[in-house]
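Chemist: Please see the structure below; I have some questions.
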Amino acid sequence: MNNLLETPIEYLKGVGPARGELLRKELGIHKYGDLINLYPNRYIDRTRYYRINELQNSNSEVQIVGKVVNIKTVEQKRGKRLVATFTDNTGQMELVWFQGHKWIRENIKINVPYVIFGKVSSFNGVFNMAHPEMELLTEHEQSLRSAMQPIYPSTEKLTQRGITNKVVNKIMQQLFIETQALFKETLPANLLQELALIPKNAALFNIHFPKSQEILAKAQFRLKFEELFFIQLQLITKNLIRKHKIKGHAFDKVGDMFNGFYQNHLPFELTNAQKRVLKEIRNDMGQPAQMNRLLQGDVGSGKTIVALMSMLLALDNGFQACLMAPTEILANQHFSGLSELAKPLNLNIKILTGSTKTSERKIIHEELENGTLDIIIGTHALLEDKVQFKNLGLAVIDEQHRFGVEQRSKLWKKNEIPPHILVMTATPIPRTLAMSLYGDLDISVIDELPPGRKPIKTVHRYDSNRLKVWAFLKEEIAKGRQVYIVYPLIQESEKMDYKDLMDGYESISRDFPLPQYSVSIVHGQMKPAEKDSEMERFAKGKTNIMVATTVIEVGVNVPNASVMVIESAERFGLSQLHQLRGRVGRGAEQSYCIMMTGGKLSNDSKVRMDTMVRTNDGFEIAEVDLKLRGPGDIMGTQQSGVLNLQIADLVKDREILQMARHFAIRLLKDDPNLNRSEHAALKHTFIELTKKKNIWNYIS
Ligand code: ADP
Ligand code: MG
1 MNNLLETPIE YLKGVGPARG ELLRKELGIH KYGDLINLYP NRYIDRTRYY
51 RINELQNSNS EVQIVGKVVN IKTVEQKRGK RLVATFTDNT GQMELVWFQG
101 HKWIRENIKI NVPYVIFGKV SSFNGVFNMA HPEMELLTEH EQSLRSAMQP
151 IYPSTEKLTQ RGITNKVVNK IMQQLFIETQ ALFKETLPAN LLQELALIPK
201 NAALFNIHFP KSQEILAKAQ FRLKFEELFF IQLQLITKNL IRKHKIKGHA
251 FDKVGDMFNG FYQNHLPFEL TNAQKRVLKE IRNDMGQPAQ MNRLLQGDVG
301 SGKTIVALMS MLLALDNGFQ ACLMAPTEIL ANQHFSGLSE LAKPLNLNIK
351 ILTGSTKTSE RKIIHEELEN GTLDIIIGTH ALLEDKVQFK NLGLAVIDEQ
401 HRFGVEQRSK LWKKNEIPPH ILVMTATPIP RTLAMSLYGD LDISVIDELP
451 PGRKPIKTVH RYDSNRLKVW AFLKEEIAKG RQVYIVYPLI QESEKMDYKD
501 LMDGYESISR DFPLPQYSVS IVHGQMKPAE KDSEMERFAK GKTNIMVATT
551 VIEVGVNVPN ASVMVIESAE RFGLSQLHQL RGRVGRGAEQ SYCIMMTGGK
601 LSNDSKVRMD TMVRTNDGFE IAEVDLKLRG PGDIMGTQQS GVLNLQIADL
651 VKDREILQMA RHFAIRLLKD DPNLNRSEHA ALKHTFIELT KKKNIWNYIS
């Protein structure tokens, strides 16, 4: 049976080499087994037949039984059209074709009963159906196809070359005939029973040929569960393997650095969330297994101090630490922030980026190798082969979504025993999604902001109100505050965005003229050194307004900046808007976020604006984002990729996901190596899947 599923698709009756090639190229279907897993996108309920005198001009899809009584070509100004008169015993209507006349004329049978299906509309009191799906009534009655008609994924090319939905349906029937629908069960019997799941066989049959909504729902549930269950099995085993097999340095000392800092130099009381997270990290790093932890915390939640104190633990145990940031600006900011915090400790902290001078670079390389450099902060430059550590104990990675998984592991390879890894992200990913995306990482969450923060006031304003907004900015600047004005930067339209930015900058410079005001600008086409010096001027309060693209989205910290104006806000995603807003509200003053848009907004844009105005809670925003866009688009999963799921949907099927995770954990606790006889089929499937699709392939 399993061998049969390995059969190349062209051998299936009704496919052949030409169609086989198309199926391979267009849908990635190589074998019988791939076709079986081509699940319909949706189903059309064809349980009901209409009579012609019942038709309404509702533009909905209906099916009718009747006969073609004549067929003729009608000349039009723009090309010809083929019109057939179609009747049943209640009335008559027209079938219309704009293309494919020859084929239809040659193949349509006159005065033979057909079942036709399609959208009806009426014109001059006559109902018509354009390009109907047609099937002889006799064939229709014999067909394995059920009343719930599946609609399969397709491409333009497939339809053009005659592989219509009907054809896919036919070859699917053929597949079930040739394989006799004997598909092996993959889940253990007790699980099927406990969760009332239908067998694999029945599920596959009914996903393709459901007879009712009820059985279809059961089939979908079973297949979704199975898909998520196997992914969870993979993620959890990966995590277990890491904990057992990947050695790590056990930081068993909590020494002078950590304690000294904690007792004497902590600039503020840690929040409970920070304390809890630090405990989790300490616990992990105390074990002789590598830590691989994701630290989630909304913008401004205070991740930096957690990172520093984790690094101090590494130093206490005689190791070095590094912090890697996605941009030079951010690396600089971390460097100055951490240096400031750690000043009383007399540590050797340095920064390495693309613009570090060769002479300085040489010193850094040497000091890293001889161990005199305690903490190195930097960008991708840290990943270069030349960078070798004496003993790297902890690597902190900020804003993880900018780095791929591969880069993460590149850091490991620098030492025989890999360093502990702490990945920090400000992108609040809902827990359920985080679980499935980062199931191989442990997760810590800082879910509490430092005390005394005034919530940022967020408003939505139309471009037509710009004068009022500008007047408000002038008031704030008069109080000594600073302002960000951010323009979108979308890769596909970079040139246009750049022009918008420059136009904006010019008009802002005109509206906020020297010498009373001074305006900075930072964008992607500037050299890193220019960017930094411009940022520096703004950070030092020498300019009032910072005009920028999303370059500043990540991590920049200027506490005196209290107003964030987002231009063309409708072009930003929710999590990006939230990240941008997080640039303000860092000081003691009341902060504001003003989202500017044009007059016409799509429904989704409206929801985004309303959500931003309503709440400051990153996790709530992430939930809305997830619902609006689906997980594939959530920032942070874009770069790291997203689970390429066949049937389950991480948004809609979150309950099934949770269930799958629960039962996967239970099963692995029970039988970690899947050695029990009742798990044989499951183990087989698991191994096959892992061979074919390592979990990181889902995520790349
Ligand atoms: P993020 O999580 O966005 O990286 P930061 O670490 O930059 O946040 O912290 C944001 C600001 O909050 C910084 O100015 C930091 O000094 C301050 N901060 C962090 N933790 C606390 C705390 N427990 N109490 C008061 N202020 C804090
Ligand atoms: Mg930060």
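Going by the UniProt record's numbering, the sequence shown opens with residue 1, and the numbers climb by one from there. For every residue, glycine included, the Cβ atom is placed at its ideal position computed from N, Cα and C.
Does DSSP put E416 in a helix, a strand or coil?
Modeler: On the sequence shown, residue 416 is found 416 positions in, with the first residue counted as 1. Coil.
Chemist: Between the alpha carbons of H208 and T90, how many angstroms are there, rounded?
Modeler: Locating residue 208 in the sequence shown gives position 208, where the first residue counts as 1. Locating residue 90 in the sequence shown gives position 90, where the first residue counts as 1. Rounded to whole angstroms, H208 to T90 spans 34 Å at the Cα level.
Chemist: Rounded to whole angstroms, what is the Cα-Cα separation between F319 and L382?
Modeler: Locating residue 319 in the sequence shown gives position 319, where the first residue counts as 1. Locating residue 382 in the sequence shown gives position 382, where the first residue counts as 1. The C-alpha of L382 is placed about 17 Å away from the C-alpha of F319.
Chemist: What's the gap between the Cα of I446 and the Cα of L667?
Modeler: Here residue 446 corresponds to residue number 446 of the sequence shown, with the count starting at 1. Here residue 667 corresponds to residue number 667 of the sequence shown, with the count starting at 1. Spanning the two alpha carbons is a distance of roughly 30 Å.
Chemist: Quick one: give me the first and last residue of the beta strand (DSSP E) that G33 is part of.
Modeler: Translated into the one-based positions of the sequence shown, residue 33 becomes position 33. Judged by DSSP secondary structure, G33 falls outside any beta strand (DSSP E) and instead within the alpha helix (DSSP H) spanning 32-36.
Chemist: Does the segment 216-232 come into contact with the segment 654-674, if we say contact requires no fewer than three beta-carbon pairs (one atom in each stretch) closer than 8 Å?
Modeler: yes
Chemist: Should I29 and I9 be called a contact, given that it needs their Cβ atoms to be closer than 7 Å?
Modeler: To locate residue 29, count along the sequence shown from 1; it is residue 29. To locate residue 9, count along the sequence shown from 1; it is residue 9. Their beta carbons are under 7 Å apart, which means I29 touches I9 by this criterion.
Chemist: Under 7 Å between the Cβ atoms of E678 and P188?
Modeler: The residue you call residue 678 lines up with position 678 of the sequence shown. The residue you call residue 188 lines up with position 188 of the sequence shown. Cβ distance < 7 Å, so E678 and P188 count as in contact.
Chemist: Which residue's Cα is closest to the Cα of N292: T425, V584, N239, M172?
Modeler: Taking the sequence shown and counting its residues from 1, one reaches residue 292 at position 292. Cα-wise, what sits closest to N292 is N239.
Chemist: Does Q213 pass the burial test, meaning 16 or more other C-beta atoms within 10 Å, or should it be called exposed?
Modeler: As a first step, residue 213 is located in the sequence shown; it is residue number 213 there, counting from the start. Note on Q213: under 16 other CB atoms within 10 angstroms of its CB, so exposed under the neighbour-count rule.
Chemist: Mark A250 as exposed unless 16 or more other C-beta atoms lie within 10 angstroms of its C-beta, in which case mark it buried.
Modeler: As a first step, residue 250 is located in the sequence shown; it is residue number 250 there, counting from the start. By the 10 Å Cβ count, A250 comes out exposed.
Chemist: Just tell me which of A202, H523, Q63, P418 has its CA closest to the CA of L137.
Modeler: Taking the first residue of the sequence shown as position 1, residue 137 is located at position 137. Of the listed residues, the one whose Cα sits closest to L137 is Q63.
Chemist: Indicate, with yes or no, if the ligand ADP has a heavy atom lying under 6 Å from the CB of P450.
Modeler: Looking up residue 450 in the sequence shown gives position 450. For the ligand ADP, at least one heavy atom lies less than 6 Å from the Cβ of P450.
Chemist: Give me whichever residues DSSP pairs with G91 in a beta bridge.
Modeler: Translated into positions along the sequence shown, residue 91 becomes position 91. In DSSP, G91 forms a bridge with D88.
Chemist: Taking the continuous alpha helix (DSSP H) assigned at M612, which residues delimit it?
Modeler: Position 612 of the sequence shown holds residue 612. That run of the alpha helix (DSSP H) goes 603-614.
Chemist: Under the assumption that residue 702 contacts I545 (Cβ atoms under 8 Å), give the Cβ distance between them as a whole number of angstroms.
Modeler: The structure shown does not extend to residue 702, since the chain is modelled only from 1 through 700, so no value can be given for it.
Chemist: Take the Cβ of A18 as the centre, count every other Cβ of all protein chains shown within 10 Å, and call the residue buried at 16 or more, exposed below.
Modeler: As a first step, residue 18 is located in the sequence shown; it is residue number 18 there, counting from the start. A18 should be labelled exposed.
Chemist: Let me know the beta strand (DSSP E) ranges lying completely inside the segment 456-529, each 3 residues or longer, listed in chain order.
Modeler: With a minimum length of 3 residues, the continuous beta strand (DSSP E) runs that stay inside the segment 456-529 are 457-462, 482-486, 519-522.
Chemist: Taking the CB atoms as reference points, tell me whether H349 and I375 lie closer together than 7 Å.
Modeler: Numbered from its first residue, the sequence shown carries residue 349 at position 349. Numbered from its first residue, the sequence shown carries residue 375 at position 375. Just to set this straight, residue 349 is Ile in the shown sequence, not His. Closer than 7 Å, so yes.
Chemist: State the beta-bridge partners of A561 as determined by DSSP.
Modeler: For the purposes of this step, residue 561 is taken as the residue at position 561 of the sequence shown. Looking at the DSSP assignment, A561 forms a beta bridge with Q482.
Chemist: Could you please give the first and the last residue of the uninterrupted alpha helix (DSSP H) stretch that includes I171?
Modeler: For the purposes of this step, residue 171 is identified with residue 171 of the sequence shown, where counting begins at 1. Taken as a continuous stretch (DSSP letters only), the alpha helix (DSSP H) holding I171 covers 165-179.
Chemist: DSSP three-state label for Y50, please.
Modeler: Here residue 50 is taken as the residue at index 50 of the sequence shown, counted from 1. Three-state DSSP puts Y50 in a strand.
Chemist: Between M596 and M612, which are expected to be in contact by the criterion C-beta below 8 Å, what is the C-beta distance as a whole number of angstroms?
Modeler: Reading the sequence shown from its first residue, position 596 is the one you call residue 596. Reading the sequence shown from its first residue, position 612 is the one you call residue 612. Going by Cβ atoms, the distance from M596 to M612 rounds to 12 Å, so no, they are not a contact pair.
Chemist: Under 6 Å Cβ to Cβ from N41, same chain only, skipping five residues before and after it: list those, please.
Modeler: In the sequence shown, counting from the first residue as 1, residue 41 sits at position 41. Within the same chain, N41 has close Cβ partners I151, P153.
Chemist: Buried or exposed: Q290, going by 16 or more other Cβ atoms within 10 Å of its Cβ?
Modeler: Your numbering for residue 290 matches position 290 in the sequence shown. With 16 or more other Cβ atoms within 10 Å, it is buried.
Chemist: To which residues does DSSP link K454 through a beta bridge?
Modeler: On the sequence shown, position 454 is the one that residue 454 refers to. K454 pairs with nothing; no bridge assigned.
Chemist: Using the rule of at least 16 other Cβ atoms within 10 Å of the residue's Cβ for burial, across every protein chain shown, is P672 buried or exposed?
Modeler: Within the sequence shown, numbered from 1, the residue matching residue 672 stands at position 672. Exposed, by the Cβ-count rule.
Chemist: At a cut-off of 6 Å, would you count L270 as near the ligand ADP, judging by its Cβ distance to the nearest heavy atom?
Modeler: Numbered from its first residue, the sequence shown carries residue 270 at position 270. Yes; taking the cut-off as 6 Å, the Cβ of L270 has a heavy atom of the ligand ADP nearer than that.
Chemist: Using only the heavy atoms of the ligand ADP, determine whether one of them is closer than 6 Å to the beta carbon of T304.
Modeler: The residue given as residue 304 occupies position 304 in the sequence shown. Under cutoff, so the answer is yes.
Chemist: What would DSSP say about P344, mapped onto helix, strand or coil?
Modeler: What you label residue 344 is simply residue 344 of the sequence shown in a count that begins at 1. Helix, per DSSP.
Chemist: Considering only heavy atoms of the ligand ADP, does any lie closer than 6 Å to the CB of V299?
Modeler: Counting from 1 along the sequence shown, the entry for residue 299 is found at position 299. V299: yes, Cβ under 6 Å from the ligand ADP.
Chemist: Starting from F319, trace the alpha helix (DSSP H) both ways and give me its first and last residue.
Modeler: Your numbering for residue 319 matches position 319 in the sequence shown. First-last for F319: undefined, no H or E at that position.
Chemist: On the DSSP bridge assignment, give the partners of G297 in chain order.
Modeler: The residue labelled residue 297 in the question sits at position 297 within the sequence shown. Its beta-bridge partners are I446.
Chemist: For F572, which of A648, R510, D503, P488 has the nearest alpha-carbon?
Modeler: The sequence position of residue 572 within the sequence shown is 572, counting from 1. The shortest C-alpha separation from F572 is found at P488.
Chemist: Rounding to the nearest angstrom, what Cα-Cα distance links R276 and E448 in this structure?
Modeler: By one-based count along the sequence shown, residue 276 stands at place 276. By one-based count along the sequence shown, residue 448 stands at place 448. Answer to the nearest angstrom: the Cα atoms are 11 Å apart.
Chemist: Counting Cβ pairs closer than 8 Å, one from the segment 167-186 and one from the segment 119-126, do we hit at least three?
Modeler: no
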